[in-house]
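Student: Take a look at this one; I'll ask things after.
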Amino acid sequence: MSSSHSADHLGEAREYWWNDDYLALIAQRLNTKSYQQIADIGCGRGSMTFRLAPYFAEEATITGIDFEKSHIKAARQKARHRRAPQNRHFSFKEGDAHDLPLEDGQMDLTFCQTLLIHVPDPVQVIQEMKRVTRPDGWLVAFEPNNLVSHFMFDRYPDIEYNVEDMLEMMEVRLRCEQGKRILGEGFSSLGDVIPDLFKQAGLSDIQVWMSDKALPLIPPYDSREERVRAAQLVDWLENEEGGLGYKENLRYFKAGGGKKHVFERYWQRVLAYKIKLLALLKEQKYLSSGGQIMYIVAGRV
Numbered sequence: 001m002s003s004s005h006s007a008d009h010l011g012e013a014r015e016y017w018w019n020d021d022y023l024a025l026i027a028q029r030l031n032t033k034s035y036q037q038i039a040d041i042g043c044g045r046g047s048m049t050f051r052l053a054p055y056f057a058e059e060a061t062i063t064g065i066d067f068e069k070s071h072i073k074a075a076r077q078k079a080r081h082r083r084a085p086q087n088r089h090f091s092f093k094e095g096d097a098h099d100l101p102l103e104d105g106q107m108d109l110t111f112c113q114t115l116l117i118h119v120p121d122p123v124q125v126i127q128e129m130k131r132v133t134r135p136d137g138w139l140v141a142f143e144p145n146n147l148v149s150h151f152m153f154d155r156y157p158d159i160e161y162n163v164e165d166m167l168e169m170m171e172v173r174l175r176c177e178q179g180k181r182i183l184g185e186g187f188s189s190l191g192d193v194i195p196d197l198f199k200q201a202g203l204s205d206i207q208v209w210m211s212d213k214a215l216p217l218i219p220p221y222d223s224r225e226e227r228v229r230a231a232q233l234v235d236w237l238e239n240e241e242g243g244l245g246y247k248e249n250l251r252y253f254k255a256g257g258g259k260k261h262v263f264e265r266y267w268q269r270v271l272a273y274k275i276k277l278l279a280l281l282k283e284q285k286y287l288s289s290g291g292q293i294m295y296i297v298a299g300r301v
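Numbering (full-length UniProt numbering), first residue to last: 1 to 301.
And the structure:
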């Protein structure tokens with residue numbers, strides 16, 4: 001996973017990915033109040049580490065592991081400047097998810113969020129997460145299908161689409177997904193197959209849920225959540241970040257067997273749409289239901 005792409009998605013907008021009452025429901029289902037040792041693999045700057053902390057036992061230790069030194073530094077700074085809920089303790093370490101710096105059977109629960117979609121070998125990462133989790137402990141993966149969002153509609157007039165253009169977009173997105181996987185940079189819609197990977201890893205009592213959270217933008221963006229989300233989109237559009245860059249997409253498309261002239265034709269439509277979208281966002285007129293597919297998959301060791 002490239003650090004630049006990872007950093008694109010670690011800002012304040014990430015804090016609005018989940019509804020607290022839904023996380024409380026997941027915690028209740030997994031009976032997390034008794035857990036003392038928890039690991040967040042691919043923790044980034046600690047967003048989910050801190051978010052889930054209140055649902056674990058008092059005096060629990062939550063250990064975050066990430067490959068990026070800058071993310072670990074930011075997470076440690078955040079831990080120092082925030083009050084730990086009910087005496088929970090935080091520890092952040094640099095480490096590779098494929099070879100975790102943790103002891104066998106150390107954790108009551110080991111989880112990751114949007115990690116497996118970025119790693120070259122998710123099977124190995126899941127095996128490592130299993131290794132560090134005690135017998136009868138839980139592995140939990142919060143992972144999306146990112147492909148489906150490309151085929152969602154924002155406004156009613158959008159349903160009068162050009163079929164050929166939609167089919168070409170579908171080809172481009174599928175080839176980009178394929179190319180990313182071939183290049184060893186992950187698969188952005190891996191969430192669909194996490195239950196299969198958990199089964200292959202020998203986990204039992206596999207549970208599958210979906211987030212109840214949409215990420216809408218409804219003018220005039222009255223909430224801070226909407227304003228933060230809109231600002232993030234503007235930043236991505238202006239700086240070709242967040243997966244919206246020409247070079248990155250062309251590289252994936254070609255690796256997936258695509259022809260450059262097909263991509264160039266598609267990208268001309270993308271450029272026109274980006275100009276329109278940027279103007280609407282700055283005027284707080286862009287509307288989107290913010291549909292997404294985010295799985296929560298749990299399995300017992």
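All C-beta atoms in this analysis are idealised placements derived from N, C-alpha and C, irrespective of residue type, glycine included.
Owing to the predicted nature of the structure, the values given are computational and were not obtained by experimental measurement.
Please report the distance separating the alpha-carbon of Arg131 from that of Gln200.
Tutor: 14 Å
Student: In whole angstroms, what separates the C-alpha of Thr61 from that of Arg251?
Tutor: 41 Å
Student: Tell me where the alpha helix (DSSP H) around Leu277 begins and ends.
Tutor: Unbroken alpha helix (DSSP H) run through Leu277: Lys260 to Lys282.
Student: Do the CB positions of Gln207 and Ala298 come within less than 8 Å of each other?
Tutor: yes
Student: Taking the alpha carbon of Ile194 as the point to measure from, which residue in Ile126, Phe50 and Ala97 has its own alpha carbon closest?
Tutor: Ile126
Student: Tell me the DSSP secondary structure of Ser289 in three-state form.
Tutor: coil
Student: Using DSSP with H/G/I as helix, E/B as strand and the rest coil, what is Gly299?
Tutor: In the three-state reduction of the DSSP assignment, Gly299 falls in the strand class.
Student: Using CA coordinates, which residue listed in Gln36, Ser288 and Glu238 is at the minimum distance from Arg134?
Tutor: Of the candidates Gln36, Ser288 and Glu238, the residue whose Cα lies closest to the Cα of Arg134 is Gln36.
Student: Go through its chain and collect everything with a Cβ distance to Asn31's Cβ below 6 Å, but skip five positions before and after it.
Tutor: none
Student: Can you tell me which of Leu287, Glu171 and Ser189 puts its alpha carbon nearest to the alpha carbon of Pro157?
Tutor: Leu287
Student: Give every residue of the same chain whose Cβ lies closer than 6 Å to the Cβ of Gly46, excluding the five residues on either side of it in the sequence, and list them in chain order.
Tutor: Gly64, Ala75 and Lys78
Student: Compute the Euclidean distance between the alpha carbons of Lys259 and Glu238, then round it to the nearest angstrom.
Tutor: 26 Å
Student: How do the stretch 280-294 and the stretch 212-220 stand: do at least 3 beta-carbon pairs fall below 8 Å, yes or no?
Tutor: yes
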